[in-house]
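**Student:** Let me give you the structure first, and then I'll get to my questions.
Residue numbers (our numbering), protein chains in the order written: chain A, 8 to 132; chain B, 61 to 347; chain C, 49 to 182.
Structure, rendered in C-alpha cells:
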C-alpha cells in the first residue's frame, strides 16, 4: 500500500506531501506520524504542503489532527509552503486552522521549530 | 451568437458547382479586384485566395443553411487565421472583410456570364451569394472584435499588477503602499500579488500602507481582512499602516473587527515594529 | 447559454473523489479560469464529491463547460440517491454536521462559487449544482 514517507532529521520529522491524497492515504499518514513521533520521541514535525494545489476541509482537518496529536505527544508542528491560491480559498471556506503554526518554506519552518522547541524545553535566550 | 440560417430559397450546393467549374477564372478576377486596395505581396494574396476557395467550395457543397455548423469549420478556421494575422499586420477590420466581399463581385460576373438570360435563377443565385458572403464578412469582423477585447483585458490586468508595487524594506520585510480607491477587482489582484511576492521574497512581515486610499468601504475592509488572514495562513504577518482618523471611524462604524491585526498610524512606525519583531534593532554609530 | 463540452465522473470510491478533483482542475484550466478561481471550484468540487460519497452513498458528478455571450464558465452537478437532507437551512450553516466532520462542506462551498443550487428530498436523494464563471 502506498504511504507518504516520513524523514527523520535529528529530533524533527519531515513530511513532504507531493501527491493528491485520497482519504485513506491521509488517514494512514496521521496514524504513521503518531507512531513515528512516539517511537522517535520527536520534538517537532514539519509538514511541507508546497506541492498541494488544493486543500479542502478534509485535508484541513487532517492537518489540525496531526498538530493536535503531536502536541499531546509533546511535539510542535509547523506547516510550510501553503500556496497563495490555497490560502485565499481556505480563508473563503472559513477554515482558519487554529493551533497550527505556519511558515513560508522549509528553512523558515525549521527555524520556527527550533525556536518553539527551545522555548518548550525551558531554554530562553 | 444566434443562429443565422440562410433563407429557404438559397441553395449553396449549386453555388459550389458553379465555383468549382470556374475556379481558375474566379481566382484571377478576385485577386485583381483586391489588388489596388490592399498591400500584401501578390504571391501571398494569391495563395490566401486559393486556400480560401479550397475550403469554401466543399463547405458550400454540403448544402447546409448556416456558416456555424461543423461542415463550415475549416472555413471559419481559415478566416480566424487571416483575421488574426492581418490585424497583427495592421490591417483594419474593414480591409479584412473586403477580402471576403470582393469575391462576390467576381462571382456575380461569372453568374451573369453563365445565366444571363434566366432572370429567376440568376436572382436566386445572387441572393445566395449575398447571404453567404455577408455572413462570412461579418464573421471576420467579429473575430477582430474578440481579439481586441482580449488585448484590452490583458492590458487592464497589466495595469492592475503594475499599480501594486511590493517593495522589500529589509530582509524578510516587505511593504505594499496602496494608492487610490480599491474596488473589488483591484483588491483581488492586490491580494494575489502581495501573497505571491511574499512567497517569492520569503518575507515574514508585510506592511500594507493605506495612506493613499481615500475611503474604505465594507467590501474593501473585508478584502483587507481576508488578505491578512491568508498571509497568516501562509506564515507571514501583516501590519496595516497609514490609517487616517476618518478611515478609523469608518471601520468602527461599519463594525469591522480587525481582531488582533496590528495597526499603526505611519509606515515608519510599522517598519519599526517589523524590525523589532524580526529580532532587529537600529543602532546609532557611536559619536 | 450554450454547452461547449459535457462529461460525467462516477463518484463511488475514495479514489473517485481524487479523480473528480483532478478532472475539475483540468477542465477549469482548459477554460482559462485564473489560478485562484480554479482552486476555489476544485476545492468546492472536492467538498461536494466527498459529501456525495459519504452522505449520499455514492453518485455522479456532471461537468459542463458553458458559454453565455462572451462569458465562459464551468458548471458541476453532484447527484446521489441517498437519504437526502432534512433541514437544508441548517445544513448550509457553518459548523453543522451529522457526520463528525467540520460541517463546512455546504456552507463553505457556497462561498467559493458564483452560483449555488441545492435540491434535496428525504428518502430520495440530493442534487447540488455549482458554477464558476470566468
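Ideal Cβ positions, reconstructed from N, Cα and C, are used throughout, including at glycine.
In three-state DSSP terms, what is residue 120 (chain A)?
**Tutor:** As a first step, residue 120 (chain A) is located in the first chain; it is residue number 113 there, counting from the start. In this structure, residue 120 (chain A) counts as helix in the three-state DSSP scheme.
**Student:** Counting only Cβ-Cβ distances shorter than 8 Å, please list the residues of the segment 284-303 of chain B near chain A, keeping chain order.
**Tutor:** 286, 289, 290, 291, 292, 293, 294, 295, 296
**Student:** In chain order, what residues of the same chain have a beta carbon less than 8 Å from the beta carbon of residue 22 (chain A), not counting five sequence neighbours either side?
**Tutor:** In the first chain, residue 22 (chain A) corresponds to position 15, counting from 1. Answer for residue 22 (chain A): 11, 12, 13, 14, 36, 40, 52, 53, 54, 55, listed in chain order.
**Student:** Name the chain A residues whose beta carbon is nearer than 9 Å to that of residue 262 (chain B)?
**Tutor:** Residue 262 (chain B) sits at position 202 when you count from the first residue of the second chain. Close partners of residue 262 (chain B) in chain A (Cβ separation under 9 Å): 111, 112, 114, 115.
**Student:** Once the 5 residues before and after residue 171 (chain B) are set aside, which same chain residues still bring their CB inside 8 Å of it?
**Tutor:** Taking the first residue of the second chain as 1, we reach residue 171 (chain B) at position 111. Contacts found: 78, 182, 185, 186, 189.
**Student:** Would you report the Cα separation of residue 345 (chain B) and residue 335 (chain B), rounded to the nearest angstrom?
**Tutor:** Locating residue 345 (chain B) in the second chain gives position 285, where the first residue counts as 1. Locating residue 335 (chain B) in the second chain gives position 275, where the first residue counts as 1. Approximately 18 Å between the Cα atoms of the pair.
**Student:** For the segment 66-96 of chain A, which residues have a beta carbon sitting closer than 7 Å to at least one beta carbon of chain C?
**Tutor:** 68, 92, 93, 95, 96
**Student:** Using a beta-carbon distance cut-off of less than 8 Å, what residues from the segment 9-22 of chain A approach chain B?
**Tutor:** none
**Student:** Identify the contact partners of residue 159 (chain C) in chain A, using a Cβ-Cβ distance below 8 Å as the criterion.
**Tutor:** Against the third chain, residue 159 (chain C) aligns to sequence position 111. Going along chain A in sequence order, the residues near residue 159 (chain C) (Cβ under 8 Å) are 99, 100, 101.
**Student:** Indicate whether at least one CB of chain A lies closer than 8 Å to the CB of residue 110 (chain C).
**Tutor:** Against the third chain, residue 110 (chain C) aligns to sequence position 62. Not one chain A Cβ lies under 8 Å of residue 110 (chain C).
**Student:** Does residue 104 (chain A) get closer than 8 Å to chain B when you measure Cβ to Cβ?
**Tutor:** In the first chain, the residue the question calls residue 104 (chain A) occupies position 97. With respect to chain B, the C-beta atom of residue 104 (chain A) has a partner C-beta closer than 8 Å.
**Student:** So what does DSSP say about residue 53 (chain A), is it helix, strand or coil?
**Tutor:** As a position in the first chain, residue 53 (chain A) is number 46, starting the count at 1. Strand.
**Student:** Starting from residue 16 (chain A), follow its DSSP beta bridges and name the residues at the other end.
**Tutor:** Residue 16 (chain A) sits at position 9 when you count from the first residue of the first chain. Paired residue(s): A:19.
**Student:** Contact between the segment 224-234 of chain B and the segment 190-206 of chain B: three or more CB pairs below 8 Å?
**Tutor:** No contact exists between the segment 224-234 of chain B and the segment 190-206 of chain B.
**Student:** Between which residues of its own chain and residue 17 (chain A) is the CB-CB distance below 8 Å, once the five residues before and five after are set aside?
**Tutor:** On the first chain, position 10 is the one that residue 17 (chain A) refers to. Result list for residue 17 (chain A): empty, nothing under 8 Å.
**Student:** Can you tell which of C:109, C:76, C:70, C:129 has the C-alpha that lies nearest to the C-alpha of residue 58 (chain C)?
**Tutor:** Here residue 58 (chain C) refers to the residue found at position 10 of the third chain. That would be C:109, whose Cα lies nearest to the Cα of residue 58 (chain C).
**Student:** In chain C, what lies closer than 8 Å to residue 61 (chain A) by C-beta?
**Tutor:** In the first chain, residue 61 (chain A) corresponds to position 54, counting from 1. In chain order: 69, 73, 87, 90, 91, 94.
**Student:** Buried or exposed, going by whether 16 or more other CB atoms sit within 10 Å of the CB of residue 42 (chain A)?
**Tutor:** Here residue 42 (chain A) is taken as the residue at index 35 of the first chain, counted from 1. Exposed, by the Cβ-count rule.
**Student:** If you run the structure through DSSP and keep just helix, strand and coil, what is residue 59 (chain A)?
**Tutor:** Counting from 1 along the first chain, the entry for residue 59 (chain A) is found at position 52. DSSP places residue 59 (chain A) in coil when its eight states are reduced to three.
**Student:** Does DSSP put residue 317 (chain B) in a helix, a strand or coil?
**Tutor:** Sequence index remark: in the second chain, residue 317 (chain B) carries index 257 (1-based). Coil at residue 317 (chain B), not helix or strand.
**Student:** Is the separation between the beta-carbon of residue 265 (chain B) and that of residue 332 (chain B) shorter than 8 Å?
**Tutor:** Walking along the second chain from the start, residue 265 (chain B) turns up at place 205. Walking along the second chain from the start, residue 332 (chain B) turns up at place 272. Cβ distance not < 8 Å, so residue 265 (chain B) and residue 332 (chain B) don't count as in contact.
**Student:** Is there a C-beta anywhere in chain A that falls below 8 Å from the one on residue 57 (chain C)?
**Tutor:** Counted from its first residue, the third chain places residue 57 (chain C) at position 9. No, because no Cβ of chain A sits closer than 8 Å to the Cβ of residue 57 (chain C).
**Student:** For a contact meaning CB atoms closer than 7 Å, what does residue 27 (chain A) contact in chain C?
**Tutor:** For the purposes of this step, residue 27 (chain A) is identified with residue 20 of the first chain, where counting begins at 1. For residue 27 (chain A), the neighbours in chain C by C-beta distance under 7 Å run, in chain order, 66, 69, 70.
**Student:** What is the DSSP secondary structure of residue 128 (chain B), counted as helix, strand or coil?
**Tutor:** If you number the second chain from 1, residue 128 (chain B) lands on position 68. In this structure, residue 128 (chain B) counts as coil in the three-state DSSP scheme.
**Student:** Who pairs with residue 53 (chain C) in a beta bridge, going by DSSP?
**Tutor:** Within the third chain, residue 53 (chain C) is the residue found at index 5, counting from 1. Answer is C:113.
**Student:** In chain A, which residues lie less than 8 Å from residue 255 (chain B) when you measure between Cβ atoms?
**Tutor:** Stepping through the second chain from its first residue, residue 255 (chain B) is reached at position 195. Under the 8 Å cutoff, chain A gives 91, 94, 95.
**Student:** If you measure between the beta carbons of residue 62 (chain C) and residue 68 (chain A), is that distance less than 8 Å?
**Tutor:** Working through the third chain from its first residue, we reach residue 62 (chain C) at position 14. Working through the first chain from its first residue, we reach residue 68 (chain A) at position 61. No, these two residues do not count as a Cβ contact at 8 Å.
**Student:** So residue 91 (chain A) is in the beta strand (DSSP E); what residue range does that whole segment cover?
**Tutor:** The count along the first chain starts at 1 and reaches residue 91 (chain A) at position 84. From DSSP, residue 91 (chain A) is part of no beta strand (DSSP E) but of the alpha helix (DSSP H) over 91-100.
**Student:** Run through the DSSP bridge pairs and tell me what residue 168 (chain C) is partnered with.
**Tutor:** Here residue 168 (chain C) is taken as the residue at index 120 of the third chain, counted from 1. Residue 168 (chain C) pairs with C:174.
**Student:** Is the Cβ-Cβ distance between residue 61 (chain A) and residue 69 (chain C) less than 8 Å?
**Tutor:** If you number the first chain from 1, residue 61 (chain A) lands on position 54. If you number the third chain from 1, residue 69 (chain C) lands on position 21. Yes, the Cβ-Cβ distance between residue 61 (chain A) and residue 69 (chain C) is below 8 Å.
**Student:** When the Cα atoms are used, what is the spatial distance from residue 158 (chain C) to residue 86 (chain C)?
**Tutor:** Indexing the third chain from 1 puts residue 158 (chain C) at position 110. Indexing the third chain from 1 puts residue 86 (chain C) at position 38. Approximately 15 Å, taken between the alpha carbons.
**Student:** Check whether the Cβ of residue 39 (chain A) lies closer than 8 Å to any Cβ atom in chain C.
**Tutor:** Translated into the one-based positions of the first chain, residue 39 (chain A) becomes position 32. No, because no Cβ of chain C sits closer than 8 Å to the Cβ of residue 39 (chain A).
**Student:** From residue 282 (chain B) to residue 88 (chain C), what distance separates their C-alpha atoms?
**Tutor:** Position 222 of the second chain, counted from the start, is the residue given in the question as residue 282 (chain B). Position 40 of the third chain, counted from the start, is the residue given in the question as residue 88 (chain C). One C-alpha to the other measures close to 18 Å.
**Student:** Counting contacts by CB-CB distance shorter than 8 Å, is residue 62 (chain C) in contact with chain A?
**Tutor:** For this step, residue 62 (chain C) is matched to residue 14 along the third chain. Yes, its Cβ sits closer than 8 Å to a Cβ of chain A.
**Student:** Can you list, in chain order, the residues of its chain whose CB lies under 6 Å from that of residue 167 (chain C), leaving out five sequence neighbours each side?
**Tutor:** In the third chain, residue 167 (chain C) corresponds to position 119, counting from 1. A distance below 6 Å between beta-carbons, with the five flanking residues on each side excluded, links residue 167 (chain C) to the following residues of its chain, in chain order: 175.
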